[in-house]
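Encoded as structure tokens, the structure appears first; notes follow it.
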């Protein structure tokens, strides 16, 4: 659970870094030319109870997803690009991009506190009564803001530490025990 804010940041940064054989601009151009887009997402769901009843508020599932779309002819490009983003994102050389994205997140959150403070208060309250609320607060709320500030400081002052955490998170996501491939396609 302590890595949820890091997962949120990871989902924001992997498609901004490029890979070992393509810089970020080349990667974005290839995604644009060969697919209908690829986007990272974090998905949290409360487990449904028996017979469709409201489930236990302390039972949730969490998933990190790379969503993409492509025509049948370009499906192999979609899979290759998705694999590259997840397994080969150039985290090592991403310090400046990480700092830039973390600063943007910090600024965006500070601005949102002013315009939507009631939403953040609601997230804080929801975090006290359900695991789903806790996930929301940890990845979008005031707690996430505090994590962004801490990650920004680490990115500036001790990049190898943040890099090691990001690489460990990536290794965890792509391990065989945690990987799910969900494919929806038209009939051939």
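Residue numbers (the working numbering): -12 to 175. Glycine included, every Cβ here is placed at the ideal spot set by N, Cα and C. All values reported here derive from a predicted model rather than from experimental measurement.
Problem set entry | Residues that residue 33 bridges to, as DSSP identifies them | 47
Problem set entry | Proximity test, Cβ basis, 7 Å: residue 116 and chain C | No chain C appears in the structure shown, which is made up of a single protein chain.
Exercise. Beta carbon of residue 4, beta carbon of residue 79: below 7 Å?
Worked result: no
Problem set entry | Test item: CB-CB of residue 69 and residue 25 under 7 Å | yes
Problem set entry | Cβ neighbours of residue 125 in the same chain (closer than 7 Å, five flanking residues each side left out) | -9, -8 and 131
Exercise. At what residues does the alpha helix (DSSP H) containing residue 141 begin and finish?
Worked result: 129 to 144
For this session: Kindly indicate which three-state DSSP category residue 167 falls into: helix, strand or coil?
Result: coil
For this session: With DSSP as the reference, label residue 159 as helix, strand or coil.
Result: helix
For this session: Report the partner residues of residue 6 according to the DSSP bridge assignment.
Result: 76
Exercise. When burial is assigned at 16 or more other CB atoms within 10 Å of the CB, is residue 6 buried or exposed?
Worked result: buried
For this session: Using three-state DSSP, classify residue 65 as helix, strand or coil.
Result: helix
Problem set entry | Beta-carbon gap between residue 135 and residue 82 smaller than 7 Å | no
Problem set entry | Contacting residues, own chain, Cβ-Cβ under 7 Å from residue 11 (five flanking each side not counted) | 3, 4 and 5
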